[in-house]
Amino acid sequence: MKVEKNASLLHHNTFGIEVVAETLIEYDSENELEQLLASDNCRSKSLLPVGAGSNLLFLSDFDGIVLHGTIRFIETVTENDDYLLLKVGAGTIWDDFVAFCVQNNYYGAENLSHIPGETGAAAVQNIGAYGAEVKDIIHEVHTIEIETGKKQTFAQEACRYAYRQSIFKRELKGQYIVVAVTFRLEKKEKYNPNYRQSETHVGQPGQPTLQAVRDAVIDIRRRKLPDPAVEKNAGSFFINPVVLKKQFDQLVQHYPDMPHYHVSDNEEKLSAAWLIDRCGWKGKQLGKVAVHNKQPLVIVNKGGASGVEIAAFAKQIQSSVEAKFGILLQPEVDYIAGESKQK
Ligand SMILES: Cc1cc2nc3c(=O)[nH]c(=O)nc-3n(C[C@H](O)[C@H](O)[C@H](O)COP(=O)(O)OP(=O)(O)OC[C@H]3O[C@@H](n4cnc5c(N)ncnc54)[C@H](O)[C@@H]3O)c2cc1C
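Each number in my numbering comes from the position in the sequence shown (counting from 1) with 15 added on.
Structure (structure tokens):
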């Protein structure tokens, strides 16, 4: 276990915000985490579990304990001719797990290649890309309850997954720490039904292979998204808004080229990137913060911006989209204030 007082979080958030945590603790095992949660120190302080910090916006120093787990393993739980269940430690780098699946010809994770972050957070966030969401391969999520220190396993259905949502982000926010996730991967060829329509098929003549899909996804992502190691960002800043059919019908009369995706008889999902672009934000910089010049959904810290400056910039985007389209964009990024949400 590693304990650091007055720890800089600069390298623990991909926005590159220079904030300090009163304490940063790295635990290596479930046992260590259980001991920590039972300690007086942890019981009296605000706690914030983090992964790789690729979806966090720190608004100030964190006056509590930031917890980061390095529980990393991939083990087979059960296997037959059709599928297998793999249990994966929450601290395992998400893309290492995807690479492992592709190398071993396990189907299901390939469209989610190259998404930054760790496996525990992937299950909290319900990460998604190219027509796939991680919920589709999650079998169960293993956690420890912060209040009681007890282990609890959530079956996939109990996680209440929805678009970039889970029970861990809503009803049970701040109450559980994910320690491992069990995934179900297919052994027989089974590509995501959406991949053929997606750009992942471009440049892959003939029969695709898992590796070809992964390579194509990585290639597209490298071309379209800024690398946080070079340009500090947290990926898509806002989620795509879902609007009622009635509002959509009105909007589409004014903006017939508006991209939209059918959700249900009552709802349509709109492209937040398109809405932001239409308000003239692409490439726009105010002070130390900018909208990326290729991807309007990505906000970039051009150097030395604070979380408050980034949040104020995001607010301006929200206001202009709301004024033009009557839609209030919701952040996908998790805003972290000094006193945590966690206790
Ligand atoms: C360049 C870039 C591209 C991206 N592309 C995508 C994309 O295509 N699709 C997509 O869905 N996302 C994308 N993201 C967002 C990000 O990669 C995901 O949200 C990812 O799951 C965050 O993982 P993390 O380990 O960095 O979590 P963090 O940012 O550290 O944490 C995210 C949230 O999870 C909580 N958390 C973290 N670990 C645990 C745990 N063990 N137990 C309980 N709670 C925990 C934190 O408290 C926080 O609320 C992108 C980000 C970047 C920077």
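Glycine included, every Cβ here is placed at the ideal spot set by N, Cα and C.
Asked: With a 10 Å radius around its C-beta and 16 neighbouring C-beta atoms as the bar for buried, classify Q265 as buried or exposed.; Found: exposed
Asked: Please look up how many angstroms separate the CB atoms of F73 and V34, rounded, as I've assumed it's under 8 Å.; Found: 4 Å
Asked: For K150, is the classification buried or exposed, using 16 other Cβ atoms within 10 angstroms of its Cβ as the cut-off for buried?; Found: buried
Asked: Which partner residues does L259 have in the DSSP bridge list?; Found: E282
Asked: Count Cβ pairs between the stretch 170–189 and the stretch 28–48 that sit closer than 8 Å; are there 3 or more?; Found: no
Asked: Given 7 Å as the limit, tell me if R179 has its C-beta closer than that to any heavy atom belonging to ligand 1.; Found: yes
Asked: Could you please give the first and the last residue of the uninterrupted beta strand (DSSP E) stretch that includes L39?; Found: V35 to Y42
Asked: Any idea what DSSP makes of D110, helix, strand or coil?; Found: helix
Asked: Output the distance between the C-alpha atoms of R211 and L82, rounded to the nearest integer angstrom.; Found: Note that R211 scores a pLDDT of 47, beneath 50, so its modelled location is shaky; the value from the coordinates is reported in the next line. Roughly 40 Å between the two C-alpha positions.
Asked: Take E201 and list the residues in its own chain whose beta-carbon comes closer than 6 Å to its own, dropping the five residues that flank it on each side.; Found: Y98, Y122 and G123
Asked: Taking the beta carbon of V103 as the centre, do at least 16 other beta carbons fall within 10 Å, making it buried, or is it exposed?; Found: buried
Asked: Would you report the Cα separation of P64 and I192, rounded to the nearest angstrom?; Found: 7 Å
Asked: When you compare each of V92, I325, E94 and F88 to F112 by their alpha carbons, which one comes out closest?; Found: F88
Asked: When burial is assigned at 16 or more other CB atoms within 10 Å of the CB, is A138 buried or exposed?; Found: buried
Asked: Name the DSSP beta bridge partners of I332, please?; Found: The partner list for I332 (beta bridge, DSSP) is empty, contrary to what the question assumes.
Asked: Does the beta carbon of T93 fall short of 7 Å from some heavy atom of ligand 1?; Found: no
Asked: Roughly how many angstroms lie between the CA atoms of A305 and W109, to the nearest whole one?; Found: 28 Å
Asked: Pull up the CB-CB distance for E41 and M16, whole angstroms please, since I reckon it's below 8 Å.; Found: 7 Å
Asked: How long is the line joining the alpha carbons of H275 and A327, rounded to whole angstroms?; Found: 28 Å
Asked: Is G295 near ligand 3 - that is, is its Cβ less than 7 Å away from at least one heavy atom of it?; Found: With respect to ligand 3, the structure shown offers nothing to examine, as its ligands consist of ligand 1.
Asked: Can you tell me where the alpha helix (DSSP H) with N56 in it begins and where it stops?; Found: D55 to S59
Asked: Note down, one range per segment and in chain order, each alpha helix (DSSP H) of at least 4 residues found wholly within the stretch 76–125.; Found: 109–118
Asked: I'd like the list of long-range same chain contacts for A36, defined as Cβ closer than 6 Å, with 5 residues on each side in sequence excluded.; Found: A22, L24, F77 and V81
Asked: Would you check if the distance between the CB atom of G164 and the CB atom of A53 is smaller than 8 Å?; Found: yes
Asked: Please say whether P131 and P241 have beta carbons closer to each other than 8 Å?; Found: no
Asked: Cα-Cα, which of N141, E148 and E283 is closest to N255?; Found: E283
Asked: With I159 and E45 assumed to form a contact (beta carbons below 8 Å), what rounded beta-carbon distance in angstroms separates them?; Found: 7 Å
Asked: Here's the rule: buried if 16 or more other CB atoms are within 10 angstroms of the residue's CB, otherwise exposed. What is A231?; Found: buried
Asked: With a floor of 3 residues, list each beta strand (DSSP E) that falls wholly inside the stretch 161–199, ordered by position along the chain.; Found: 166–170
Asked: Using the rule of at least 16 other Cβ atoms within 10 Å of the residue's Cβ for burial, across every protein chain shown, is P311 buried or exposed?; Found: buried
Asked: Who are the Cβ neighbours of N120 in its own chain at under 8 Å, not counting the five residues just before and after it?; Found: K202 and L225
Asked: Compute the distance between the beta-carbons of K339 and G318, then report whether it is under 8 Å.; Found: no
Asked: With which residues is N207 paired in a DSSP beta bridge?; Found: Looking at the DSSP assignment, N207 forms no beta bridge with any residue, so it has no partner.
Asked: Quick one: measure Cβ to Cβ for T134 and E155, integer angstroms, because I've assumed they're closer than 8 Å.; Found: About 13 Å; that fails the 8 Å criterion.
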